[in-house]
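Here the sequence shown stands for residues 71 to 265, numbered as in my numbering. The beta-carbon is built from N, C-alpha and C at its ideal position, and this holds for glycine as well.
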Amino acid sequence: MADSLHRCAWCGTDPLYVAYHDEEWGVPEYDPRALWEKLVLDGFQAGLAWITILRKREGMRDAFDGFDPEVVARYGEADIDRLLGDARIIRSRAKINSAVKGARIWLEMRENGEDFSAWLWSFAGGAPIQNHWADGDARPVATPESEAMSKALKKRGFTFVGPVIVYAFMQAVGMVNDHGAECFRHRQVRAMAGK
71 MADSLHRCAW CGTDPLYVAY HDEEWGVPEY DPRALWEKLV LDGFQAGLAW
121 ITILRKREGM RDAFDGFDPE VVARYGEADI DRLLGDARII RSRAKINSAV
171 KGARIWLEMR ENGEDFSAWL WSFAGGAPIQ NHWADGDARP VATPESEAMS
221 KALKKRGFTF VGPVIVYAFM QAVGMVNDHG AECFRHRQVR AMAGK
């Protein structure tokens, strides 16, 4: 049975996409490991639709040992070959290598006393940016904040972190509230940010 809630048009009617919109997208995330996982998944999305990643996400979590950076950072050639043969994931050597390299950078930052979460959130001013788009209005694909974050991530050695990928990441993890103003989640997500 269909409900009468007004949602952002992008989520369509696919139950997986609707659940992602209703429960995850735009919710402020502060856990450093969860932020790294989402950044990796957004990198895997490059050139693909997000629904493809959603459909493969559980398989990818399993294949990548729960996206535990300490485990992924130790992956060697045998692990990469294993992943390239795993139909549950996006089988791109460049994207797999990017995930492994990213895990190593994540650990290096932690070992240097840097909080990955606080560092990423600093590009949003430390709190969610609250936008007020009409549902039909086009959203930017990149912003000065995503461009700055992208540049900083690249400088550290992360890959698959262009400004468009990074803006999608910022929207997904609640650094930006881009739910349409008419969407039932706009007010809920705004409240989560204490605004």
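* **Where Asn167 sits in the DSSP three-state scheme** => helix
* Asked: What did DSSP end up calling Val259 once you bin it into helix, strand or coil?
  -> helix
* To do: Please specify which runs of the beta strand (DSSP E), each continuous and at least 3 residues long, are wholly inside the segment 175-237, giving them in chain order.
  => none
* Asked: Who does Val246 pair with in a DSSP beta bridge?
  -> Ile199
* Asked: Just reading off the alpha helix (DSSP H) that Phe134 is part of, what are its end residues?
  -> Per DSSP, Phe134 belongs to no alpha helix (DSSP H) and is neither H nor E.
* **Alpha-carbon to alpha-carbon, Pro85 and Met71** => Low local confidence applies: a pLDDT of 39 at Met71 is under 50, so the model's placement there is unreliable, with the coordinate-based value given in what follows. Whole-angstrom Cα-Cα distance: 12 Å.
* Asked: Hey, how far is the Cα of Glu94 from the Cα of Asn182?
  -> 30 Å
* What whole-angstrom Cβ distance do Phe239 and Lys108 have, given they're in contact under 8 Å? -> 6 Å
* Asked: Does the pairing of the segment 201-218 with the segment 247-261 give three or more beta-carbon distances under 8 Å?
  -> yes
* Relative to the C-alpha of Met130, which residue among Arg152, Ile160, Leu118 is closest? -> Ile160
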